[in-house]
Each structure stands twice: as C-alpha cells, then as structure tokens.
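Undergrad: Heads up: the sequence shown begins at 657 in our numbering, then just goes up one per residue.
Yeah, the Cβ is synthetic: ideal placement off N, Cα and C, and Gly gets one too.
What follows is a structure written as structure tokens; I'll ask about it next.
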Amino acid sequence: MPVSAQAVAGKVSEKVATPRAARRAPEPDARAGGAGRGAAGPAAGVGSGAVTAIGVAAVALSLALMHERSSGAELAAILREELKCYSPGEKLPSSRALVERHRVSPVTVSRALAELAAEGLVVTRPGAGAFRAEPRRATPPPVDTSWQEIALSAEPAGDQVPRSVDASGVLATLSAPGPGVIELNGGYLPPALQPERALAAALARAGRRPGAWSRPAVDGVPELRAWFAREIGGPGGPLSANDVLITAGGQSALTAALRALAAPGAPVLVESPTYPGMLAVARASGLRPVPVPMDADGVRTDLLADAFRVSGARLFVCQPLFQNPSGAVLAAERRREVLRVARAAGAFVVEDDFARLLGHADAPPLPPTLLADDPDGTVVHVRSLTKATSPSLRVGALAARGPVFDRLRAIQVVDSFFVPGPLQEAALELVGSPAWPRHLRLIAGELTSRRQTVRAALQRELPALAVAGAGQRTALGGYHLWLRLPDGTDEAALTGAALHAGVAVAAGRPYFAAEPPAAHLRLSYASAAGAAELTEGVRRLRTACDELGVPVA
C-alpha cells in the first residue's frame, strides 16, 4: 500500500506535538549568534509552532521520499520477474495500469521503470510506452578490418570516365504513366497498398515528440539505428547501432557507398543484368561498371573471381535477394564464395537488400543478409523502408564495420548533412507499431496474388514469353518478372507499341552495363491497381506484339 506524504506528516506531527517538558525549546544563546532575547534569530518573529511545523514538514518530506524510493525498488523487483512472461519488443502495461494493479503512485511506477531501463531490461519511448528490451548480446569477437586501410587507399589514377548518365531506366520507374495507361513498369506500391493511415498516425505522433523539430544527430536517431542493426544483423548478430548510418532512402545510401569506396575512373563489378539506378549512380560518380553474368542461382562466382583479377576492381555491388530484374536468390554455396573471392581480392561487397521486406506469402524463410555471415568487414549493407511503404518515406540505412564507416559517414554528411528528424521519428513510430507486421503480411499476400495473376495472364495471352520467364525459378519475392523476348525482337519498338496500346513496360537494355545477350522486358506487378488491371495490361501487351509481328505462341 502506498503511504502519502500527508499521512507521514500527520504521524510525525502528532509525535512532535506531544507535550513533554523535555521538548521545551531552549532560550536563544548569544554565543549561537544572538544578542539576548531580542536578537534576530530563528525564533525572532517566528513562533515556536511555526518552527515545529517547518521541522515536521521537512521530516515528512524526507520520509515520503525514502518511502517512494523503497516502493520503487520493490515494484522494480516485481516487474523484473513479470518481464520473463513478455517477448522481446512486447509492450508492457501502461503506467496507469501499473498504478492501479500494484496500488502505487505514478512516481513509484516512473522510478521502477527508470531502474529497469538503466539495467537494460526495458526500453521506454515517449508517447508509446515501455517495452521489454532485446536480450543483451554477447560481445562479438573483435573484427580484423586492417585490410580496409589498403583497400581505401589503393586508388589508381586511371583514365577519367565521362560522367554522362543514361537515366532512362530510372525515369521510366519514377515517371507516372499518362491517363488511361496501365503501369507495368513501376517500382512502388499503389496507394491502396501503402500504409497511409499508419503513416499519417506515425507522422502525427512524431511531430508531437519533444525536440522532434530540433537538429537531429548526424548519424541518425539512435533508436532507429538500433532497429536497423537488429533487422540487418539478426538477433545476437554482429551489428550495433554504432555500425549504422541513417540515409534518405536506398538510392542515397547506394550513392554514398559507391562514392566512398571507389575513386573516379575506377572499375566497379556489377551483376549482369542489374538495376539501372545503380548503373546511373556508378557512371555519375565517374566509375566504370564491369558486368559479371548471372544465372538462376545468382552471380556466377567463377566469373566474379576472373573479373576481379582482370579489372583490378576493389568493389562489387550485388542484390543477393530477389535480384532486380532477374528475381534470382543467391545460392547458399555462392554466398560463401562471394565473400571468399572478395576478401581474397581485398575488395568490398555492397549488398543492396532492397527486397528484404517484399517476400511473398508462399516464400520459405529468407536467408540472412551477407553482412550477417561476414566476419571480416567485407560487406557494406544498404537497406530501405521505401519499397515496402511509400515513395515519400525516404528512410534507409548504411551498415558497415571498420574504418570504412567513417568514410561513409563523411560522404553522407557532405551530401545531405542529415535526414530530417521528424521523418526518422515517423519511421521509428511506424516500425514499432502493431500496424507494421499487419502491413507486411498484407503486402506479402497481395504480391503473391499479383504474381500468380500475371503469370496466368502471360500463359494465356503470351505463352512464348511465359515459357521464357518460367525457364528461371519463380521469384517468391519482389514485384517483377524478367522475360526474354524471341530472337530478333526490337525491344524499343515493342515498348513503344505497348505504350501506344495503353500499357507501360520496361525495355531490358538499360539493365545491362554492356551489350545485352538478348532482348528482354521487365514487367512489374507492384504499381497496378489490382488483378483486373494486371490482366488487361498483359492483354494490351499482346496487342502490341501482334502489331509488330512478335511471335507469342
């Protein structure tokens, strides 16, 4: 039962006020600073009853504070045991509920939670409540990143590469289609699949946080960095918040990584085919993309070793999970080989993990990140929330260990100073809310349904293209299909005819760093309004093929 300060004061007052001769106040003494009875002193102008009341109040306050501290420790001990029934990240009852359940004061609850937070057992977030903290990880063995000093300094002059940039592939993804045109070339979720209500609520809560509009930390909000560290490194993994840098989306992170890790004129190894935005960033930075062919198991590691040796490159950029555009997932044995080959070459690997949150409902458990399996600091990891939420939530992260982190941080600071605080706080509110796992389940189911719809429509309308696409393993994540066109097809003419027929598709040429081995199309099923629009889009593509005489049966 809590004891109030008033109750304690009453008991003390009663005891002090008991008339006893021994309690009679002594006469003032001149040696104590007075000059006889008329001297100014504590009793001068203040009655003995007032002095007694002041003393009583002081004693009462002292006892009340002692009791609060004692009650706080007792409640902390109770909550320490109750925490064993909560999963990491699970929310504790509200402060009001704890006050009512344990019949203590709000101050006692605050003291108890503060004690548990100091012990690392709970995490408190203003406006959201208290949560059980993630278990403390054993201190990982120190990483030997001394090799990075050579890799970061070995920058041959080389011939300067003209910085003319072909942004057609990027613009095709970012540009909204014209009226009546079905979008099968987009890279973002349609409004109906974006968590708009959850985002609006998160932004509102973030904007009300104390200091939300102040200058944020250059590296990012610490709690958001810690969340990304857990997501990228896995529970008990090698990352801490100090290894993570918040960026303005994945493209910004990729730009910073390429600028930090390769000097102008240097070669950079890329998958073939690969994301046009990465090729545009490399060329804008004065780098020379060197393609390394892929197959259904991801990049061919035998050719990767050859490419490092022939080109002298010290950087390889890859998408090991649901690669864009092929959809390939890097096979387990090749994951190990990529790290081994890169380490032998004294090179970095930039892991663009853009599709981590886009696994389908029928996908098996996803493999860990390359960084989680990297003992040497070889991998620089890129992650973003944008693809799974909204094109306007431009929040991402760079993760790295060793001296390279300082290089990445310097580039980020020079380029953009920092990511706006309210946007970071909104992202933190979103991923910490109950709406977040529900949203991920929603898009997993919807992307599965859309993939099945498009494949069925291709089999019905364009069976020759469907067979070409099915020659690869079905990508159980991401949002695109990579189709090989019949030999002799002019893909530029086909995409133009398709647009005239009312459907926007992406030509394959911008996805290759060098001459493509064949004509391709990339179909995206993320941005269309729904199943009916996807089916109609494939039918319009069939119309364009018929117009150009492209064999489809």
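1. By DSSP, does arginine 1107 sit in helix, in strand, or in coil?
2. Could you have a look at threonine 1199 and say whether DSSP puts it in helix, strand or coil?
3. Less than 8 Å separating the beta-carbons of arginine 1063 and alanine 969?
4. Taking contact to mean 3 or more Cβ pairs, one atom from each stretch, closer than 8 Å, check whether the segment 1164-1181 and the segment 834-844 are in contact.
5. Taking contact to mean at least 3 C-beta pairs separated by less than 8 Å, is the segment 1008-1018 in contact with the segment 956-966?
6. May I ask you to report which of helix, strand or coil DSSP gives proline 1078?
7. Considering Cα atoms alone, identify which of Arg767, Leu1197, Asp953 and Pro846 is closest to glutamate 1117.
8. Is the beta carbon of alanine 1113 closer than 8 Å to that of leucine 1150?
9. Taking all protein chains shown into account, decide if glycine 1193 is buried (16 or more other Cβ within 10 angstroms of its Cβ) or exposed.
10. Are alanine 1083 and leucine 895 closer than 8 Å when you measure CB to CB?
11. Can the beta-carbon of phenylalanine 964 be found less than 8 Å from the beta-carbon of valine 924?
12. Take every Cβ of the segment 1043-1060, pair it with every Cβ of the segment 902-919, and state whether three or more of those distances are shorter than 8 Å.
13. Let me know if histidine 1016 comes out buried or exposed under the rule of 16 or more other beta-carbons within 10 Å of its beta-carbon.
14. In angstroms, rounded to a whole number, what distance separates the CA positions of valine 900 and glutamate 1102?
15. Since proline 762 is in the alpha helix (DSSP H), which residue starts that stretch and which ends it?
16. Could you compute how far the alpha carbon of alanine 1210 sits from the alpha carbon of serine 727?
17. Pop quiz: alanine 1028 and glycine 889 are said to be a contact at Cβ under 8 Å. What is the actual Cβ separation, rounded to whole angstroms?
18. With burial defined as no fewer than 16 other Cβ atoms inside 10 Å of the residue's Cβ, what is the status of valine 1161: buried or exposed?
19. Do you know offhand how far alanine 1187's Cα is from aspartate 1018's?
20. So for aspartate 1029, helix, strand or coil by DSSP?
21. Check whether the segment 1084-1097 touches the segment 938-945, taking contact to mean three or more Cβ pairs, one atom from each stretch, closer than 8 Å.
22. Please state the DSSP three-state secondary structure of valine 1208.
23. Aspartate 875 and arginine 1107: beta carbons closer than 8 Å?
24. What residue from Gly836, Ala848 and Gln1080 has the CA that sits closest to valine 1159's CA?
25. Where in the segment 925-960 do unbroken runs of the beta strand (DSSP E), each at least 3 residues long, occur, reported from the N-terminal end onward?
26. Check whether the Cβ atoms of leucine 618 and alanine 1044 lie closer than 8 Å to each other.
27. Let's test the definition: count the other Cβ atoms within 10 Å of the Cβ of threonine 1130 and tell me whether it reaches 16, buried, or not, exposed.
TA: The answer reads as follows:
1. Against the sequence shown, residue 1107 aligns to sequence position 451. The three-state secondary structure of arginine 1107, taken from DSSP, is helix.
2. Taking the first residue of the sequence shown as position 1, residue 1199 is located at position 543. Three-state result, threonine 1199: helix.
3. Along the sequence shown, read from residue 1 onward, the residue named residue 1063 stands at position 407. Along the sequence shown, read from residue 1 onward, the residue named residue 969 stands at position 313. No, the pair does not count as a contact, with Cβ atoms beyond the cut-off.
4. Yes, they touch.
5. At 8 Å Cβ cutoff, the stretches do not touch.
6. Within the sequence shown, the letter at position 422 stands for residue 1078. In the three-state scheme derived from DSSP, where H, G and I count as helix and E and B as strand, proline 1078 is classed as helix.
7. Walking along the sequence shown from the start, residue 1117 turns up at place 461. That would be Leu1197, whose Cα lies nearest to the Cα of glutamate 1117.
8. In the sequence shown, the residue the question calls residue 1150 occupies position 494. In the sequence shown, the residue the question calls residue 1113 occupies position 457. The answer is no: Cβ separation not under 8 Å.
9. Counting from 1 along the sequence shown, the entry for residue 1193 is found at position 537. Flag for glycine 1193 reads buried.
10. The sequence position of residue 1083 within the sequence shown is 427, counting from 1. The sequence position of residue 895 within the sequence shown is 239, counting from 1. Not closer than 8 Å, so no.
11. Against the sequence shown, residue 964 aligns to sequence position 308. Against the sequence shown, residue 924 aligns to sequence position 268. Not a contact, by the Cβ cut-off of 8 Å.
12. Taking a contact to require three or more Cβ pairs closer than 8 Å, the segment 1043-1060 and the segment 902-919 qualify as touching.
13. Position 360 of the sequence shown, counting from 1, holds the residue named residue 1016. By the neighbour-count rule (16 or more Cβ atoms within 10 Å), histidine 1016 is buried.
14. Translated into positions along the sequence shown, residue 900 becomes position 244. Translated into positions along the sequence shown, residue 1102 becomes position 446. Approximately 31 Å, taken between the alpha carbons.
15. The count along the sequence shown starts at 1 and reaches residue 762 at position 106. For proline 762, the uninterrupted alpha helix (DSSP H) segment begins and ends at 762-774.
16. The structure shown does not extend to residue 1210, since the chain is modelled only from 657 to 1209, so the question has no answer here.
17. On the sequence shown, residue 1028 is found 372 positions in, with the first residue counted as 1. On the sequence shown, residue 889 is found 233 positions in, with the first residue counted as 1. Right, the Cβ-Cβ distance comes to about 5 Å (below 8 Å), so this counts as a contact.
18. Along the sequence shown, one-based indexing puts residue 1161 at 505. Counting every other CB atom within 10 Å of its CB across the protein chains shown gives valine 1161 a total of 16 or more, marking it as buried.
19. In the sequence shown, the residue the question calls residue 1187 occupies position 531. In the sequence shown, the residue the question calls residue 1018 occupies position 362. Cα to Cα, alanine 1187 sits roughly 18 Å from aspartate 1018.
20. Taking the sequence shown and counting its residues from 1, one reaches residue 1029 at position 373. Here DSSP, grouped into helix, strand and coil, assigns aspartate 1029 to helix.
21. As far as the Cβ criterion goes, the segment 1084-1097 does not touch the segment 938-945, which means the pair count is below three.
22. Residue 1208 sits at position 552 when you count from the first residue of the sequence shown. DSSP places valine 1208 in coil when its eight states are reduced to three.
23. Working through the sequence shown from its first residue, we reach residue 875 at position 219. Working through the sequence shown from its first residue, we reach residue 1107 at position 451. If you check the CB distance, aspartate 875 and arginine 1107 do not come in under 8 Å.
24. The sequence position of residue 1159 within the sequence shown is 503, counting from 1. Looking at the Cα atoms, Gly836 is the closest of the given residues.
25. As far as the segment 925-960 is concerned, its whole beta strand (DSSP E) runs of at least 3 residues are 944-951.
26. Nothing can be reported for residue 618: it is not among the residues displayed for the chain, which extend from 657 to 1209.
27. Position 474 of the sequence shown holds residue 1130. Exposed is the call here.
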